[in-house]
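Student: I'd like to ask you about the structure that follows.
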Amino acid sequence: MYNIDYLAKTTGSIRRTIRYYIQRGLLKPPLSGGRGAYYTDEHLEQLKKILQWTEQGVPLIHIKEMLEGKAIPVSIDREEEVLTTIWEKFNITPGIELLFAQNKLDSRELKQIQDFIINLKKGGRQVNKHD
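Mind the numbering: the sequence shown is residues 21 to 151 in our numbering, read in order.
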């Protein structure tokens, strides 16, 4: 038997998300109620499936259907489609990171950004070449 904090920690989720999945009918409600609520191995495995599918971009409506044993449509309406962007992290200096969409910046552009931010951090002023 587990409490909601254990479920969240074990799955890398948060309590609010777990409660949301229960509210939406994706995850079965806990046994008992209120502060004495507890969860079983079945809850844990079900939550892991839900989180895995959401990471893959499956809409919650389809996840619910899959959990209910229903077949999901092969094609997804454009409005329901989840678009995923892969982000990369570039460390500029200690404590400063740049997040950017994968394959959107080349190494030269990253170096220019890095130099600009380092210059700003040192208190320098970037001079516009067009001025």
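Ideal Cβ positions, reconstructed from N, Cα and C, are used throughout, including at glycine.
Would you say methionine 86 reaches chain D, if we count a Cβ-Cβ gap shorter than 8 Å as a contact?
Tutor: The structure shown has no chain D; it contains just one protein chain.
Student: When the Cα atoms are used, what is the spatial distance from glutamine 66 to proline 50?
Tutor: Roughly 12 Å separates the two Cα atoms.
Student: Isoleucine 106 bridges to which residues according to DSSP?
Tutor: Partner(s): none; isoleucine 106 has no beta bridge.
Student: Please report how far the alpha carbon of glutamate 85 lies from the alpha carbon of proline 79, in whole angstroms.
Tutor: Using only the alpha carbons, I get a separation of about 10 Å.
Student: Leaving out the 5 sequence neighbours to the left and right, which residues in its chain are closer than 6 Å to phenylalanine 110 when beta-carbon positions are compared?
Tutor: Cβ within range, chain order: Leu118, Leu130.
Student: Excluding five sequence neighbours on each side, which residues of the same chain lie with their C-beta closer than 8 Å to the C-beta of arginine 39?
Tutor: Ile24, listed in sequence order.
Student: So, lysine 69 versus threonine 31, is the Cβ gap smaller than 8 Å?
Tutor: Going by C-beta atoms, lysine 69 is not nearer than 8 Å to threonine 31.
Student: Which residues in the same chain have their Cβ closer than 7 Å to the Cβ of serine 52, if we skip the five residues on either side of it in sequence?
Tutor: Same-chain partners within the cutoff: Tyr58.
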